[in-house]
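**Student:**
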Amino acid sequence: MFLTIEGIEGAGKSTFIGLLEDELVKRGVDFLRTREPGGCALGRQIRPLLLDASQKVSDRAELFLFLADRAQHVADTIRPALERGQWVICDRYADSTIAYQGYGRGMDPEELQKLNDYATGGLWPDITFLLDLPAEVGLGRALARNGREGLTQSEGRFEAEALAFHQRIREGFLARAARWPQRFRVLDAAQTPDAIVAQAMKHLEPYL
Ligand code: Z5A
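Numbering (the numbering used here), first residue to last: 939 to 1146.
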């Protein structure tokens, strides 16, 4: 089972995955938690290049860094785990590229779909949980968290983008969910973390 978790900035993916892990442990599921960018050794070197606001990275270079991270991540981490029979829970994957670099930065989503096919050898998730909420709510959460953790409010390159950028990304994710309804499960991320995970577990029940 290959599960991915997607959503805009501050949607609550890390919080959600932590609670989901607890539920899966209780049910004896053998799983691997990973993330993008940075889910393999090469990706951990790429991640700072992508997130550091002081790096000047062109849109196309950014795209290929995400794709390079993903290609290596699939080869080193995701496919081997799936072949061992583990579940893989991945915080962001190819849908993020199409939402951020496509709908956010303005690149052609259809081209990005093909590039993702190429980078992953055609590996798409079995289920994608989309944590959906208004962009201003997500950004508000992320900025408050950064403030609490002593980070600059707009620390990263993506947090520093305008609200309209994050709104386009939300629309992009929702457009993808409408196009692939069998893969996507859209969860209302404005609920409490416990309520969101309870809803997700109902979707996973048939696979447990
Ligand atoms: N990116 C890309 O452009 N293209 C790609 O192909 C890929 C990624 C793969 C990765 O950043 C960035 O790369 C990302 C997209 C881009 N940038 N953005 N935006 P990252 O990995 O550093 O960060 P992130 O993935 O965006 O995570 P996040 O938004 O920073 O956090 P989150 O995991 O979604 O949320 P959280 O940390 O669990 O929660 C945020 C705060 O809200 C925190 O204080 C929680 O306590 C609170 N929270 C969480 N859930 C709730 C609920 N349900 N109610 C109330 N409060 C909540």
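We put the beta carbon where it would ideally sit given N, CA and C, even for glycine. Predicted, not measured: the structure shown is a model, and the values here were computed from it.
(1) Look up glycine 1060 in the DSSP assignment and give the residues it is bridged to.
(2) Just to confirm, are phenylalanine 911 and glycine 1042 a CB contact at a threshold of 7 Å?
(3) State whether the region 1033-1050 contacts the region 1079-1089, with contact taken as three or more CB pairs (one from each stretch) at a distance under 8 Å.
(4) If you count every other CB in all the chains shown that lies within 10 Å of the CB of lysine 951, and 16 or more means buried, which is it?
(5) Considering only the alpha carbon of each residue, which of Asp1007, Ala1032, Leu958, Glu1099 lies closest to alanine 1136?
(6) Just to confirm my understanding: we take isoleucine 1016, look at its own chain, exclude 5 residues before and 5 after, and list those with CB closer than 6 Å. What are they?
(7) In whole angstroms, what separates the C-alpha of phenylalanine 1004 from that of methionine 1045?
(8) Whole angstroms is fine: what's the gap from alanine 1100's alpha carbon to arginine 1106's?
(9) Under a Cβ-count criterion, where at least 16 other Cβ atoms within 10 Å of its own Cβ denotes burial, should histidine 1189 be classed as buried or exposed?
(10) Over what stretch of residues does the beta strand (DSSP E) that includes leucine 1071 continue unbroken?
(11) Looking at alanine 949: is its Cβ nearer than 7 Å to the Cβ of alanine 1009?
(12) So, does the region 966-979 touch the region 1062-1078, judging by three or more C-beta pairs under 8 Å?
(13) Any idea what DSSP makes of glutamine 1091, helix, strand or coil?
(14) Going by DSSP in three states, glutamate 947 sits in which element: helix, strand or coil?
(15) Let's test the definition: count the other Cβ atoms within 10 Å of the Cβ of proline 986 and tell me whether it reaches 16, buried, or not, exposed.
(16) Please tell me whether leucine 1069 and glycine 945 are closer than 7 Å, where the distance is taken between their beta carbons.
(17) In chain order, what are the residue ranges of uninterrupted beta strand (DSSP E) at least 3 long that sit wholly in the region 983-1053?
(18) Beta strand (DSSP E) containing valine 1124: first to last residue?
(19) Taking all protein chains shown into account, do 16 or more other C-beta atoms lie within 10 angstroms of the C-beta of phenylalanine 954, making it buried, or fewer, making it exposed?
(20) If you measure between the beta carbons of glutamine 1024 and aspartate 968, is that distance less than 7 Å?
(21) Since glycine 1040 and glycine 1110 should fall inside the 8 Å C-beta cutoff, what is the C-beta to C-beta distance between them, to a whole number of angstroms?
**Tutor:** Answer, in terms of the structure:
(1) As a working note, residue 1060 is residue 122 in the sequence shown. Glycine 1060 pairs with nothing; no bridge assigned.
(2) The chain is shown from 939 up to 1146; residue 911 falls before or after that span and cannot be answered.
(3) The region 1033-1050 vs the region 1079-1089: no contact.
(4) Mapped onto the sequence shown, residue 951 falls at position 13. Lysine 951 is buried by the Cβ-count criterion.
(5) Taking the sequence shown and counting its residues from 1, one reaches residue 1136 at position 198. The option with the nearest alpha carbon to alanine 1136 is Leu958.
(6) In the sequence shown, residue 1016 corresponds to position 78, counting from 1. Same-chain partners within the cutoff: Val1026.
(7) Sequence index remark: in the sequence shown, residue 1004 carries index 66 (1-based). Sequence index remark: in the sequence shown, residue 1045 carries index 107 (1-based). So the alpha carbons of these two residues sit roughly 14 Å apart.
(8) Residue numbering aside, residue 1100 sits at position 162 when the sequence shown is read from its first letter. Residue numbering aside, residue 1106 sits at position 168 when the sequence shown is read from its first letter. Rounded to whole angstroms, alanine 1100 to arginine 1106 spans 10 Å at the Cα level.
(9) Nothing can be reported for residue 1189, as the shown portion of the chain is limited to 939 through 1146.
(10) What you label residue 1071 is simply residue 133 of the sequence shown in a count that begins at 1. Neither: leucine 1071 is in no beta strand (DSSP E) and is coded neither H nor E.
(11) In the sequence shown, the residue the question calls residue 949 occupies position 11. In the sequence shown, the residue the question calls residue 1009 occupies position 71. No.
(12) no
(13) As a first step, residue 1091 must be located in the sequence shown, where it is residue number 153. Residue confidence is low: glutamine 1091 scores 47 on pLDDT, short of 50, so the model does not pin down where it sits. Its coordinate-derived value is still stated next. Of the three classes helix, strand and coil, the one that applies to glutamine 1091 here is coil, per DSSP.
(14) The count along the sequence shown starts at 1 and reaches residue 947 at position 9. Note: glutamate 947 maps to coil in three-state DSSP.
(15) Taking the sequence shown and counting its residues from 1, the one referred to as residue 986 is at position 48. Looking at its Cβ environment, which holds fewer than 16 other Cβ atoms inside 10 Å, proline 986 is exposed.
(16) Taking the first residue of the sequence shown as 1, we reach residue 1069 at position 131. Taking the first residue of the sequence shown as 1, we reach residue 945 at position 7. For leucine 1069 and glycine 945, yes; Cβs fall inside 7 Å.
(17) 1025-1029
(18) In the sequence shown, counting from the first residue as 1, residue 1124 sits at position 186. Looking at the DSSP string, the run of the beta strand (DSSP E) that includes valine 1124 is 1122-1126.
(19) Mapped onto the sequence shown, residue 954 falls at position 16. The residue in question, phenylalanine 954, is buried, as its Cβ has 16 or more Cβ neighbours within 10 Å.
(20) As a position in the sequence shown, residue 1024 is number 86, starting the count at 1. As a position in the sequence shown, residue 968 is number 30, starting the count at 1. Cβ atoms of glutamine 1024 and aspartate 968: closer than 7 Å.
(21) Position 102 of the sequence shown, counted from the first residue, corresponds to residue 1040. Position 172 of the sequence shown, counted from the first residue, corresponds to residue 1110. With 8 Å as the limit, glycine 1040 and glycine 1110 qualify as a contact, their Cβ atoms being about 6 Å apart.
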